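Q: Residue numbers for the sequence shown follow full-length UniProt numbering, so the first one is 1 and each next one is one higher. All C-beta atoms in this analysis are idealised placements derived from N, C-alpha and C, irrespective of residue type, glycine included. From a predicted model like this one, the values you see are computed outputs, not experimental measurements. The structure that follows is given in the form of structure tokens.
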Amino acid sequence: MATMQSTRDPHPFPQRQNDDNFMGRRDPETICYPVPTHLAQRQQPWERLSSQHTLSSARHEVYHHDPIAPNDDLDFVLKSTYNQHDELLRNKNEVVYQPETKGLDHGRVLKNRIVPEPEKKMALNHPLIITNQTKKENINSVKSAIESHHTETTNKGFSRKPDGGFFCS
């Protein structure tokens, strides 16, 4: 008579760390990255991301020179955004915040970023139309003068129209 083999674990608890859990045998590890790294770096978007510098990586280059950067601790503190009249008794780290950290205008153009141009608002809140002059006119011409009865084309202002009005150009 054939005997059936027991499925019972012959070793009592505590199980060691590398033993299987109660769910059965573990699945083999799946490969997360099917393409090797040296081939993946030549594909999009990796190639696009690795070909452009970030602000930090550009500053770590050998030939990087920033004339605006502070030379010593005093320059660093003087260029901070701390204002003792408005922000009295701040923490030590908040006293030396730079404009770049707070997102304020600091005079540098950050790479890979487009600076949005603000919309120009019209003065006095009324819709003026700004146009270009299509034809250059002579400013000394009598035709472009403001109409009045004292212009040169009105016969020095002494002539009148039959209805009593003045001649205007």
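Just checking residue 31 against the ligand ADP - is the residue's beta carbon closer than 7 Å to any of the ligand's heavy atoms?
A: Looking for the ligand ADP in the displayed structure turns up nothing, as the structure carries no ligands at all.
Q: Here's a check: name, in chain order, each residue in its chain whose Cβ is nearer than 6 Å to the Cβ of residue 100, leaving out the five neighbours to either side.
A: As a first step, residue 100 is located in the sequence shown; it is residue number 100 there, counting from the start. 106.
Q: Secondary structure at residue 108, three-state DSSP: helix, strand or coil?
A: In the sequence shown, counting from the first residue as 1, residue 108 sits at position 108. It is coil, neither helix nor strand.
Q: Output the distance between the C-alpha atoms of residue 34 and residue 44, rounded to the nearest integer angstrom.
A: Along the sequence shown, read from residue 1 onward, the residue named residue 34 stands at position 34. Along the sequence shown, read from residue 1 onward, the residue named residue 44 stands at position 44. Approximately 15 Å, taken between the alpha carbons.
Q: So what does DSSP say about residue 90, is it helix, strand or coil?
A: Against the sequence shown, residue 90 aligns to sequence position 90. In the structure shown, residue 90 sits in coil (DSSP, three-state: anything other than H, G, I, E or B).
Q: Would you call the CB atoms of residue 76 and residue 70 closer than 8 Å?
A: For the purposes of this step, residue 76 is identified with residue 76 of the sequence shown, where counting begins at 1. For the purposes of this step, residue 70 is identified with residue 70 of the sequence shown, where counting begins at 1. Taking 8 Å as the Cβ cut-off, residue 76 and residue 70 qualify as a contacting pair.
Q: State the Cα-Cα distance for the pair residue 40 and residue 51, rounded to the nearest angstrom.
A: By one-based count along the sequence shown, residue 40 stands at place 40. By one-based count along the sequence shown, residue 51 stands at place 51. Their backbone Cα atoms lie some 14 Å apart in a straight line.
Q: Can you tell me the Cα-Cα spacing of residue 32 and residue 38, whole angstroms?
A: By one-based count along the sequence shown, residue 32 stands at place 32. By one-based count along the sequence shown, residue 38 stands at place 38. Their Cα atoms are separated by approximately 15 Å.
Q: Please give me, in chain order, every unbroken run of the alpha helix (DSSP H) with length at least 4 that falls completely inside the stretch 35-68.
A: Whole alpha helix (DSSP H) segments, 4+ residues: 37-40, 46-51 and 55-59.
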